[in-house]
Amino acid sequence: MERLVNKDTKVIVQGITGREGRLHTAEMLSYGTRIVAGVTPGKGGERVLGIPVYDSVEEAVERHGAEASVVFVPAPYAPDAVYEAVDSGLRLIVVVTEHIPIHETIRMVRYASCKGSMIIGPNTPGLIIPNEVKLGIMPHRYFVKGDIGIVSRSGTLTYEVAGMLMRKGLGVSIAVGVGGDPVTGLSLAEAARMLSEDPRTKCIVVIGEIGGGMEERLAEEYSKGLISKKVIAFVAGKEAPPGKRMGHAGALIMGERGSAISKIKAFKRAGIPVADTILEIPDLAAEALS
Amino acid sequence: MYLYEYEAREILASYDIPVEDACLASSPEEVRECLRKINPPYIIKAQVRRGGRGRLGGVKEVTGALEAFEEAADMIGKELGGFVVKKVLIAQKLEIKRELYLSFIIDKEARSYLLLASPFGGVEVEEIHKQRPQSLLKIAIDPIVGLRDYMVRRVIKHLGLSLEQGEVIRRLYRVFIDYGCELLEINPLAVTEEGVFAVDRRMIVDESFAGTSPLLAKYWNNYISELSKEERIGVEQRFSYVKLDGDIGVMGNGAGLTMATMDLIRHLGGKPGVFLDIGGGASAERVSMALSLMLRDKDVNAILVNILGGITRCDEVARGIVNALERYRGKEKKIVVRLSGLNEEEGRRILAGRGVKVFVDPLDAIKEVVGYGEAGK
């Protein structure tokens, strides 16, 4: 994790001249993130908050040695921005943009993995290492430094949990939001594996939700010993109505996977304690630490 | 967006994928006209945006025109699995020798496309798969590589089709890609004396794509035009508004937070009636629009607004809430607000002026709203 991102990582913001891009660039700068450049095609030569803006990612890499990007580009243009970042050799691309079509996501995620770039998102709040660096939009007021890692499919729920940990006197080593879309670059299990290798992290809180099979996958990998730290989990959506049925095909490939019950069962089978409500998370985390 | 079967039929036909003769009717007069155009025997199919129509009685096989008229006219206007049947498809029933199953779906975990094929199609496909897992062929298709000839050869061998008939597989894949499908399912893919026909089709397209693709504009507009005012605002604003069986409306920013809030309400004995995720960007306008939807909902007795924002300005959110309450003066419901973010004090002051209870701790807010709901009385 430290190799992937730390306080010295040189970061660019794609879509820096937009409302969201500008706002969160200011937030990231004030947190200490080393933002070296912004990119907006057609706006090269401008400055945003003192940060130079370029027409292309390539220029930002040449001039500043950029290593990672945070993407705020609107959905219709976001895939292009991501391909550009991959082809310019950026090793980490955090895609905050929402509503990118799933076929676009699936192609760009595959392309990035072929080229050795990691995509976090789309539709992600990004990641934060408290008191050090953040890439994305996580509000730092809820995060204090500590030794609990958080991997999550939900943005605001992550802030809620981090805030609850804070009120209990517990802190966060790293929090990673993998993104709320059905297909994402970094998966929940991959994020947990990364935190498992992070020396600052003593235990991992997994915040899952209904739909897809990422939680079940994480539980399977935990059983196989691929995640060596203590893990506790929560699944949102026990009371939510079942999602739309994807024909016979959905049933044929997913079986029971996807429901809250399936996920909770998978965690318990793997020996991962599951919080019944979010209120139990801090106690379970404290127990895991002791 | 779940397309109507007749819409999917039209799309497949435009890709030269063989389909049966069929005619769409929305009134008894149109049924009569259709029956003149299509030769017997018939299959009458209710057009609703969901699957499992057969089991609900929405698919009828009939031999003669008189019977067909009665069945079709009877279906129109009836309720079927939560939808009112406005249109029926009057299709010619083919003489089928074999029923196959073929679908394309997105494998979200593997981040690939998946082709599923079985020589045993029909409504029992899931059962047959359980008894004979070998009958289902799964081929992962890398989105960068696409569907290749060797894959098609494997499929036609598995299904017992000729090389020539395999062309339909390539065309279906093109539809799957061009229309941004989450699912394209042909069940059955019917083998007759004349060749292969896609006689029943299920197509679900990604809404992020459907709303922007010119190919889908016609179908998207049709979808939007059928929504209620509330649902339309929801789709346009990208709110997610889901009705449940209780009486407490739960509104939050972010699906996970809103679901976790709902789970806690249920845990404490309350009954959620609406799930409303307003998504990112909790501006005054969005909050006001979303709360208005909730205030209009007659099944909702009490409302919990749970807005957790880091850099969201609580005074903005509070103004949005007050604005909605002003608009619905006299039709107000019990409302409890949980706000966290910038300018919390100011937000609380604005809402206190309107007599709205504001909490910082989510649990306190949830306890309060559960007390207001039917189950709490």
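Chains as they are written, first to last, in my numbering: chain A, 1 to 290; chain B, 1 to 377.
The beta carbon of each residue, even a glycine, is placed where N, CA and C say it ideally should be.
Ranked by how close their Cα comes to the Cα of Ile11(B), the residues Tyr241(B), Phe176(B) and Met262(B) have Phe176(B) in first place.
Around Gln237(B), the same chain offers Arg286 and Met289 as residues with beta carbons nearer than 7 Å, after the five sequence neighbours per side are excluded. Contact with chain A is absent for Val274(B), since none of that chain's Cβ atoms lies less than 8 Å from the residue's Cβ. Residue contact check for Ser103(B) against chain A: a CB pair falls below 8 Å. Residue range Cys181 to Thr192 is occupied by the beta strand (DSSP E) that includes Thr192(B).
Every beta strand (DSSP E) stretch that sits fully inside the region 30-55 of chain A and reaches 3 residues is listed by chain position as 35-39 and 51-54. For Arg111(B), at least one C-beta of chain A is nearer than 8 Å to its own C-beta. Considering only beta carbons, the part of the region 144-158 of chain A lying closer than 7 Å to chain B consists of Arg153, Ser154, Gly155, Thr156 and Leu157, in chain order.
In the structure shown, the three-state DSSP call for Gly54(B) is helix. Using a CB distance cut-off of 8 Å, Ile17(B) does not count as an interface residue toward chain A. If the five residues before and after Thr158(A) are omitted, its C-beta is found closer than 8 Å to the C-beta atoms of Pro125, Met138, Ile150, Ser152, Ala175, Gly177 and Ile207, all from its own chain and listed in chain order. Around the beta-carbon of Leu257(B), 16 or more other beta-carbon atoms lie within 10 Å, marking it buried. Look at Leu163(B) here: in three-state DSSP terms it is coil, with no helix or strand label. In this structure Ala140(B) is not in contact with Leu159(B), their Cβ atoms being roughly 18 Å apart against a cut-off of 8 Å. With contact defined as three or more Cβ pairs closer than 8 Å, the region 96-109 of chain B and the region 195-209 of chain A are not in contact.
In the three-state reduction of the DSSP assignment, Ser213(B) falls in the coil class. Counted as a single uninterrupted DSSP element, the stretch harbouring Asn323(B) is not any beta strand (DSSP E) but the alpha helix (DSSP H) occupying residues Cys314 to Arg327. Judged by their CB atoms, Val71(A) and Ile51(A) are not nearer to each other than the 8 Å cut-off. Listed in chain order, the positions of the region 112-141 of chain B with a beta carbon within less than 8 Å of a beta carbon of chain A are Ser112, Tyr113, Leu114, Leu116, Val125, Glu126, His129, Leu136 and Lys138. Inclusion of Leu304(B) and Val369(B) in the CB contact set at 8 Å is warranted, their separation being smaller than that value.
Ala302(B) is outside the set of residues whose beta carbon lies under 8 Å from a beta carbon in chain A.
The shortest C-alpha to C-alpha distance from Ser154(A) to any of Leu127(A), Thr40(A), Leu165(A) and Gly171(A) is the one to Leu127(A). As the crow flies, the alpha-carbon of Thr212(B) is around 31 Å from that of Ile321(B).
Interface annotation for the region 182-193 of chain B against chain A: Glu182, Leu183, Glu185 and Asn187, criterion Cβ-Cβ distance under 7 Å. Closer than 8 Å to the CB of Tyr142(A) there is at least one CB belonging to chain B. Using a Cβ distance threshold of 8 Å, Lys331(B) and Leu295(B) count as a contacting pair. DSSP lists Ile204(A) as the beta-bridge partner residues of Gly149(A). Nearest C-alpha to Ser14(B) among Arg32(B), Ile43(B), Tyr179(B) and Val31(B): Tyr179(B). DSSP places Val31(B) within a helical segment (H, G or I) once states are collapsed to three. Here DSSP, grouped into helix, strand and coil, assigns Val86(A) to helix. For Gln47(B), the pairing in a beta bridge is given by DSSP as Lys87(B). The Cβ atoms of Asp206(B) and Gly249(B) do not sit closer than 8 Å to each other. With at least 16 other beta carbons inside 10 angstroms of its own, Ser208(B) counts as buried.
Chain-order list of chain B residues neighbouring Tyr111(A): Pro143 and Ile144, by C-beta distance under 9 Å.
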